[in-house]
Amino acid sequence: MRCPFCGHDDTQVKDSRSTEDGVAIRRRRVCSACTQRFTTVERVQLRELSVTKADGRRVPFDRDKLARSIRVALRKRPVAEERQERLVNGLVRQLEASGEHEISSHRIGQLAMDALREVDGVAYVRFTSVYRDFREVEAFSKILADMKPIPGDTDTPSPDDSQETP
Numbered sequence: 216m217r218c219p220f221c222g223h224d225d226t227q228v229k230d231s232r233s234t235e236d237g238v239a240i241r242r243r244r245v246c247s248a249c250t251q252r253f254t255t256v257e258r259v260q261l262r263e264l265s266v267t268k269a270d271g272r273r274v275p276f277d278r279d280k281l282a283r284s285i286r287v288a289l290r291k292r293p294v295a296e297e298r299q300e301r302l303v304n305g306l307v308r309q310l311e312a313s314g315e316h317e318i319s320s321h322r323i324g325q326l327a328m329d330a331l332r333e334v335d336g337v338a339y340v341r342f343t344s345v346y347r348d349f350r351e352v353e354a355f356s357k358i359l360a361d362m363k364p365i366p367g368d369t370d371t372p373s374p375d376d377s378q379e380t381p
């Protein structure tokens, strides 16, 4: 593994640990030339996936791009980083297990929206508004009207909250 600091080819693994969900291995490395430490992550890749864009272009699937978009949607939301990682891992496993080598960007977006809807309503609306390119307020209204209430959501006032006590 090449050192990201000095470019030297000789680095040593000092520690290896499996991630919490067991789908990756984190390796702590040290460069023998500059003694800088860094971490690498190994993941199993079942097959090479490519994404078919709306304009017909085909590009290699980029797990990091999917992870970034999920993290942006979940920014400042009460969802732990480990849960975000499990969400991304689950989406990637779903895509790899589909048996298809080419997957449409529409399908990836729909899977991400469905997963986010189950995790956090605000993140779902954020992701959907960017993915579907909302330009009018009515689009937000429609998506919010279609959402079902999340069980245990305490942000929604109950009918009794609006009544004053005598």
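Here our numbering runs 215 ahead of the position in the sequence shown, where the first position is 1. C-beta: ideal position from N, C-alpha, C; glycine also.
- First and last residue of the alpha helix (DSSP H) that includes residue 309? DSSP places residue 309 in the uninterrupted alpha helix (DSSP H) bounded by 296-312.
- Check residue 268 in the structure and name its three-state DSSP category. coil
- Measure the C-alpha to C-alpha separation of residue 230 and residue 251 and round it to an integer number of angstroms. 14 Å
- alpha helix (DSSP H) segment containing residue 337, residue limits: 336-346
- When we look at the beta-carbon of residue 299 and count the other beta-carbons within 10 Å, is it buried (16 or more) or exposed? Burial check for residue 299: the Cβ neighbour count within 10 Å reaches 16 or more, so the residue is buried.
- How many whole angstroms separate the CB atoms of residue 326 and residue 303, which I take to be in contact at a CB cut-off of 8 Å? With a Cβ gap of about 11 Å, residue 326 and residue 303 do not count as contacting.
- Residue range of the alpha helix (DSSP H) that residue 287 falls in? 278-288
- Endpoints, beta strand (DSSP E) assigned at residue 239: 239-246
- Which listed residue (313, 237, 342) has its alpha carbon closest to that of residue 256: 237
- Query: Roughly how many angstroms lie between the CA atoms of residue 307 and residue 246, to the nearest whole one?
  - Reply: 31 Å
- Message: Please report the distance separating the alpha-carbon of residue 315 from that of residue 354.
- Response: 32 Å
- If you check the beta carbons only, do residue 292 and residue 335 fall under 8 Å apart? yes
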